[in-house]
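Each residue of the sequence shown is one higher than the one before, starting from 1 at the first, in UniProt numbering.
Notes for the one structure printed next.
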Amino acid sequence: MNTLSERLIHALQVTSVSQSELARRIGIKQQSISQICSGKSARSRYTTQIAEALGISSHWLATGDGEIGLGISNVAVGPEITGKIPLINWVQAGHWTEIREVITHGDAEEWREVTGKVHEGCFALRVKGDSMENPNGKKSIPEGSIVIVDPDASFSSGSLVVARLEHSNEATLKQLVFDGDKMFLKPLNPQYPAIPIDENCTIVGVVKQAIIEFF
C-alpha cells in the first residue's frame, strides 16, 4: 500500500467505518475524506485525527511503515452523540403528531445518531424531487439530502418547514413566507410556484439541519 488513499481505504474496510462516520468523528466534511480516498489529496493534515478515530497507527497511515495497529485508541473524536431519531417517509411525516409517541424501531427506514441541540422528539426525512434545489447557488437542498425536523420548534417567515396540506396524505418541504396577512409555502427552486395557504395547512415541524450526502 504505497499511497495514503490505499491505506485509508484499507483501514475503513477493516474497521467497518464509513466515510461519513469517520468525518463525523473528526468533525469535518465527508467530502474531505472522499478526496483522500480518491487520491486527490496525497497528504492530509487530518492524518493523526483519522488514525485516532479509527484506532490505528498514525505512523502506518502516514508512511505505510510498520503495522496498521488496530485497537490502538478508543478515544472518541468529534461531536458528542446525544440520541437517535427515526428516518421516516413523507406519509409518516404528514401524520407525525399521531405516530410520534408510538413509532417503533421497525417503523423507520433507519435510526440516525444526532448531536447538539437536536432532541429525540425530532425526525429525519430524505428529500425527494428538486423543488428545494436552488440553481442560483444560494440556500439549496438537493434531492437525496437528509433534513432534520423539530416538531416543537417555533416558526416564522423564512423558516424552512415540513407541512401537510389538507386532502394530502403526505408532507412537503418548503419555505414558509408571510406577505402581509397572507402565507405561502415557497419552493427554493424558482421554477416552481408558491402555494398559498391558510387553515388548509398544518406545519409539522421546522427544519433544523440539512445534511448533503455525496455518496
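No residue lacks a Cβ here, since even glycine has one placed at the ideal position from N, Cα and C.
Since this is a predicted model, take the numbers as computed values, not measurements.
- Going by DSSP, Gly205 is part of the beta strand (DSSP E) stretching over 201 to 211.
- Shown here for Arg112: same chain residues with a beta carbon closer than 7 Å to its own, the five before and five after excluded, namely Lys84, Ile85, Leu87, Ala124 in chain order.
- Sixteen is the threshold: since fewer than 16 other Cβ atoms of the shown chains lie within 10 Å of the Cβ of Leu70, the residue is exposed.
- As summarised for the segment 24 to 89, the continuous alpha helix (DSSP H) elements at least 4 residues long and confined to that stretch are 30 to 37, 47 to 54, 58 to 63, given in chain order.
- Counting only residues of its own chain and dropping the five nearest sequence neighbours on each side, Arg45 has no CB closer than 6 Å to any other CB.
- Its Cα nearest to that of Ser57, the residue Arg7 stands out among Arg43, Arg7, Glu101.
- Val127 and Ala163 do not touch by the CB rule: their CB atoms are close to 14 Å apart, not below 8 Å.
- The beta carbons of Lys208 and Cys122 sit closer together than 8 Å.
- When the Cα atoms are used, Leu54 and Gln31 turn out to be separated by approximately 18 Å.
- For Val147, the enclosing beta strand (DSSP E) begins and ends at 146 to 150.
- The bridge partners DSSP lists for Arg7 come to none.
- Taking every protein chain shown into account, the CB of Gln92 has 16 or more other CB atoms within 10 angstroms, so this residue is buried.
- The beta strand (DSSP E) runs lying completely inside the segment 123 to 197 and spanning 3 residues or more are 123 to 126, 146 to 150, 160 to 165, 172 to 179, 182 to 186, 195 to 197, given in chain order.
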